[in-house]
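Residue numbers (this note's numbering), protein chains in the order written: chain A, 9 to 329; chain B, 289 to 595; chain C, -5 to 231; chain D, -5 to 231; chain E, 8 to 326; chain F, 4 to 268; chain G, 4 to 268. Note that CB positions come from ideal geometry on N, CA and C, so glycine has one too.
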Ligand SMILES: Nc1ncnc2c1ncn2[C@@H]1O[C@H](COP(=O)(O)OP(=O)(O)OP(=O)(O)O)[C@@H](O)[C@H]1O
Ligand SMILES: Nc1ncnc2c1ncn2[C@@H]1O[C@H](COP(=O)(O)OP(=O)(O)OP(=O)(O)O)[C@@H](O)[C@H]1O
Ligand SMILES: [Mg+2]
Ligand SMILES: [Mg+2]
Ligand SMILES: O=P([O-])([O-])[O-]
């Protein structure tokens, strides 16, 4: 390169442009770090993914032999070979239903209030800190709360409803935070456009913000649910059952109106409790059951995560600003 | 028609087996649920009248009796099996053949905390190797029982040991460490004999060291570490046919199931006595709100009979 | 010409072009009338021509105002800008044509007032021929302007010589007249100025033609010899 | 005038203004030289004047090109645009002043060639007075233009009458001459045309002045009576 | 306009005052409806507040009972934690130490690895790689923690023991490591989101200066995304501090006043879960300890969150 | 405070609105200072001025957009004619105002819904349910927005897939669908390329046949091109108001001239 | 394929770069088609054309910005003079190219660092450590970016707090700090208000004394104002290249004229 003295500033006696050789050396050196870091990144990823793989293979090796149809259709039994997870997965399903039915509307509504209605002042700040803080409260504490509140104070007993409510509270912060995030990601000009058309605040919310925020909201809900489905401690605290050799009444099939919700007041067990119980049994055959059940549970979360990703992808396609 | 049971996880396997068979026998006409809130958590519910039957790995305590009284819950105490707390070591351990209560105390008493850390401090015959301790969590009935039996005072124990609610965890711990010693329920030992070795316990120096086994428990020679476990049946619930039926069924089948899940059944006499109590509706506890150790079966039966 | 994205701009441009043509028509008529007044010694017609001057002036001012408004509002470039610039020059020329017409008309009035027409024999018909050439040139120029016809523009420029030649001939003739009859001096001078005015009309027509070439070809051909202009105008861009 | 954000634009504007003044200086000199040639019968000077015409023409074309480039590139509005438009008109006027000077010079050459100066007594000095007025007017106008001085512009417009009056006087005088001595007719007509040219220079100076008022006041004052112009020019905006 | 449209009243009709009155009426009507909706939403927003209030109430109520038995001073200064023993000591420091060392280990894994992964995914990996690996990695946070517990105990600990034969079967290290791996996606996903959100124009600005990927990532993207990354860290910390089952299973539950991660230790959470599921009679002092411990934990996480909130405020970069 | 130089036309068209002594506050910050200005019916009035001078603020007073954010305050009036209601009156529901006065924003902001639903939105908000009526209106509005030909066959496609210029015309159609009396444009072309800009400008001049238009633009040339009247604002004050042609050829105030000629800085 | 109309100046300044038969592909899409064009030293060359015609694509070839994204392909060459390196050569490291050719983007994109660090960034990337040298360079660059006076007292404040126009000048200073041979500007003022735009334009004309400039703008007036040469592109092709004055007064190609005069659409 030419050493043409182009800079007029006297300070730049030395041009910062290096000669070609120097520059190439410099670039080579800098690029070495790139490669180094990329290796490091892959390594870090590998640690995570290998862990996951180890977990999976471990579970699979132990559990897959147990994964036959009876495993899914049998109730628990003292004989490991006959024990199944019927009551557990049905229970999990029902509890998740309650959780979703509570957490989704309440979480979205709360988030809407905080994001769209509430004045931005210290109260909102406090609520905000409060919510992030709730996200860090150990789940067992929710169990303690739920025991006092739902089981005893509200007299809901050790029911699917109590459990659903507890988990709903547990994931509420997640739903609220992600919903707020989703709402915040909707540009202000969309709101202004809607208001500009003469929409009222509620119309803006219901016609625009919620539908457009849906991908984010759903992701949050599903992530929350995935967390809830694996929770053990709070549900044990409120008194989930371990042995339950029958299913709750079929949802919404009883005699209306009261009968419709019989199921919600039924006793139940859920997957993690079944697993927890089986792992703590002395007979190693049960440990196999636990591995199999864990495998099922992890697959349920995987399924939910996949659903979240798919939904996010599907719904986002037509929403851009 | 539901029979609700909750409480100890120790008793759970027996109750579960009973419930399973009972439901089958009743062709699912009666539903039985069993929870594992722990003896304490279970009693809370039981004394509020929320459960029909309580699994308990220890007798009801004064505080809980009071709660029950306050709520007007009366109960019938039914011992259903023995659990032999088993002192275990690593199978590769070569120097431990047996141990005396004395020595156990030396290891486990509060004063040992931080001091007794090597085997030769307990018994000079033993090598100069670190002691690795594993024991029940301090919130469990097992812990209470063991401390009372060994250290003479419930809940009086050194604190620097690995505790776990989950006995499998302890099994794991002991099986991994040559210098380990630990204690937990017999069933865990029984299921893991390949990985653990039970340690014969001598009640006193000079007395013969006894290994835990059905026979040694039944004949009362495994002392002081065998303890009875119970169910408490709510008197009010007993009025319901299915609960009574279940309780009867329980006592009838307890021996079989207990064996099956590796507990030590009570002598047949004990079950018939219990059945009698049940039939008569004899309420209350024979323990006066305290845990007791070293209770032999005969004594228990005697007390029961006195009720 | 193709349409702009902005119909408003199109409308403004065509509006101003129309007004230019209108102005052109007006001054063309003025010149014709002035010559009529001269040929027919019509004081009335002369007066009309003079009266029209105000209108022409006003048109110049108005169109100029429009032009600057369009420039200010539309930021024209290239052909649009050249058109506006050409129009600006064109209306200046037209206004001056109007001036020449008025000058002729005023001279006619002057001659009528002094009664010269009755008394003297003047070569008015010679003037007429020059005038016809000039008016034809002007008309052609306006026509070419309306169609932005470069070929016609070149023709006009080529023909400008003719008018100049006519003027020179007329001059010589008039000088002879004056020499012959000194009483005609004053009137002849008037005639000379009229002839000059007519010659100027031709010049203006030529200027217009040059502007047309500028609009279409983008080259300013003023002050160039005819041949150069022709070659520029016929060059394919 | 205040600075633009764009120094380039400022430079372009002042560049074009400078060139206008330069052109003005050139044509002013041309006029002066032409008159010198006339007064001193200097064929040489006359030739110089004629030679300069090409330069003036070129300047007009160049400045015009600059103007359109500035308009195309800078999107000027308001005062800037008015200035550019005024310059466009001004250089047209200046070019015509140059033409008049050349015309005078050519006539001087013609007179010299025909040897008239030697043979005849012509009222060249009268012409000189008119010429002085006109040149003064032009100089003043250029000066006012440089400073965008409205007051001076008004003065120039007011003084245009004087030149016109001079021209009329001269005309009458020349006609007398011609009548007296028909031999002078041809030369006198030449003189008349020269006088007319000088009068036109005055007109152009006046036009310049009008443009100054346009730039500063934003009002097109052409074709208005002097009083109206004065009132517009002195109105406080 | 067709007659079918409800709203805007004809333009003409009434003017001035009269029109104003009409408009006021319409406004009042609309206001009422909107108010009702707002009230419902507010109620929903308050659920989380109620939850906190409930938690705090329960924790405080029982803690107060607890502190009537145990002095706060002892609670803070005692260096033994044996609340359920005959010779009861209530030195929360012991549990805090466990919590800190386990969180420390976890964060020492999760924060660097999470950050590196985030940078790698956001700045180095191709679109495909990112879109496949990120969700896979996120699965790590979806695995029930009890499974991790056993993984730590049965897989990681023996592995570590091969490297460190002295390592006890229960130790904070292995639990912490696994916990760290579990937390990685919390850190990496959120950080990656934050880095994604950094406008491409900023990156292009850096590359255009001749920067390499790493230079761009470290000098431009990370600082620009710092507030988001900090949130991710805070969440990771909260998660680490609040994690229960892994520690309950694998860390040994041994209340040791030590920060040495190769030792077994008990943490606040594992203590709580242990006691809450145990045999203690409710209402006993022993049982109440879990509330005091829970309160301590909550204060701990609260202070982290406040810190995080303050940091986000301070470092929120506009771009 | 400076007084404004307001040149009213000799033969004024009917008034559509009129601001009188309008002050506006963002909290304690006075963003508009005593603005008085006419808005003529079926004319385009452009607001120009340097960034931050309050153009948008002024514009957004006309549909009470400020009401969406806390801490604002209006003083003075904006009369909407002919019914002479003060838009800023507390009694007047901003929603009512917005139904009568539409707005088109800087960035095209179609809703991520179908093209049809975007245009129909204003009608839906008004509770309109008659399907054929809505369809007719949508078609008319899209025609008014010079978009009908381009989208007639894909009314059910998502609006976000349109090009920027089309999106902005869609937003205009959306604003038109409810027959507003005034349309407010806030820098409607600043996000568009010159060709899209040209078509929007063309549309604006087309629209004024039917509706009164107020447009904020930071592009002086654009103001010059599209507007009939121009208001030059500076630091929250109205400096000069007059016919566009006059403002751009011969503004009366030196401030205006300096801004227009690029002498500001 | 159309052939380009290229009018080279009579007395050409030295060449700084020259594109020859440049094709560019985004995947299978050919975005640039056989572009050949000179870039003269110390001159401003503007690229204009309708949206999507490939202006930015062409510009970004000069600093190999496309290399950041997968699926691109260059055909043809861009010679950088005087050393006659083909910038697009696979052997040439894009980082090296970028060190020699700076770029300023559409939206001001200061790094969220201090003003000083922003300007020093390029030096730091080059591994420069000498503090006084860096300080001198930063000062010189800020002076070159006409920002020194405004920020000299707050070099340690965050750059994101500057106004848009200042940010853009900062980005220019950042680009200047490393003494680039060419600076590429991609619509550098489209996010700015007219006054800030004016000052950037002024700066660009100032800068060309020291450095060669290539600027993309969708504002034809801007191209007219700042550039010495203009290239009009359409659908990936170079339609016409010539001196700015000629292009804007008298383009040779009808396509160019139509675009410039607003007849495109
Ligand atoms: N929400 C707000 N809170 C406080 N001040 C504000 C707010 N919005 C605008 N301002 C201030 O009010 C003044 C006017 O702002 P406005 O947005 O109306 O300017 P503008 O003329 O539209 O500028 P631009 O051309 O940049 O859009 C500015 O000084 C601005 O800083
Ligand atoms: N990353 C990309 N992948 C595929 N095609 C692209 C990509 N970027 C641009 N294009 C296409 O290449 C063509 C040229 O784009 P480019 O951005 O260079 O246009 P431009 O002239 O700069 O337009 P604008 O004025 O809108 O910035 C367009 O057709 C565009 O759609
Ligand atoms: Mg604005
Ligand atoms: Mg581009
Ligand atoms: O659960 P336990 O009561 O048996 O310890």
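Placement of the Cβ of residue 29(G) at a distance of less than 7 Å from at least one heavy atom of ligand 2 is found.
Contacts with chain E (Cβ-Cβ distance below 7 Å) from the region 53 to 85 of chain G involve 66, 68, 71, 73, listed in chain order. Residue 59(F) has its alpha-carbon roughly 58 Å from the corresponding atom of residue 156(D). Within chain D, the residues placing a beta-carbon under 8 Å from that of residue 264(F) are -2, 70, 71, 72, 73, 74, ordered along the chain. For the region 241 to 253 of chain F, the beta-carbon criterion of a distance under 8 Å to any beta-carbon of chain C is satisfied by 247, 248, 251, 252. For a Cβ distance threshold of 9 Å, residue set 69, 71 of chain C lies close to residue 224(G), ordered along the chain. In summary, residue 320(E) is exposed, with fewer than 16 beta-carbon neighbours lying within 10 Å of its beta-carbon over all protein chains present. Only those residues of the region 174 to 203 of chain F whose C-beta falls short of 8 Å from the nearest C-beta of chain C are listed: 198, 201, 202. In chain order, 89 place their CB closer than 7 Å to the CB of residue 95(E), counting only its own chain and leaving out the 5 sequence neighbours on each side. DSSP places residue 252(A) inside the beta strand (DSSP E), whose first and last residues are 249 to 252.
Contact annotation, residue 106(E) with residue 275(E): C-beta distance approximately 5 Å; criterion of less than 8 Å satisfied. Of all residues in the region 32 to 44 of chain A, only 32, 34, 35, 36, 37, 38, 39 come within less than 9 Å of chain G when Cβ atoms are compared, listed by chain position. Residue 273(A) and residue 459(B) have their C-alpha atoms some 38 Å from each other. Following the DSSP letters along the chain, one finds residue 153(A) inside the alpha helix (DSSP H) bounded by residues 147 to 154.
In the three-state reduction of the DSSP assignment, residue 230(F) falls in the coil class, being assigned neither a helical nor a strand state. Taking all protein chains in view, the Cβ of residue 72(F) is surrounded by fewer than 16 other Cβ atoms within 10 Å, so the residue is classified as exposed. For residue 52(G), the Cβ falls inside the 7 Å cut-off from some heavy atom of ligand 2. In the three-state DSSP reduction, residue 264(G) falls in the coil class, being neither helix nor strand. Contact holds between the region 169 to 184 of chain G and the region 150 to 159 of chain G, because three or more Cβ pairs, one in each stretch, are under 8 Å apart.
Contact check for residue 467(B) and residue 418(B): beta-carbon distance about 5 Å, within the 8 Å limit, so the pair qualifies. Here the C-alpha atom of residue 119(F) lies approximately 39 Å from the C-alpha atom of residue 198(G). Listed in chain order, the alpha helix (DSSP H) elements of length 4 or more contained wholly in the region 26 to 88 of chain F are 58 to 64. Within the same chain, and ignoring the five residues on either side of residue 412(B) in sequence, no residue has its Cβ closer than 7 Å to its Cβ.
When only Cα atoms are considered, residue 144(C) and residue 136(C) end up about 12 Å apart.
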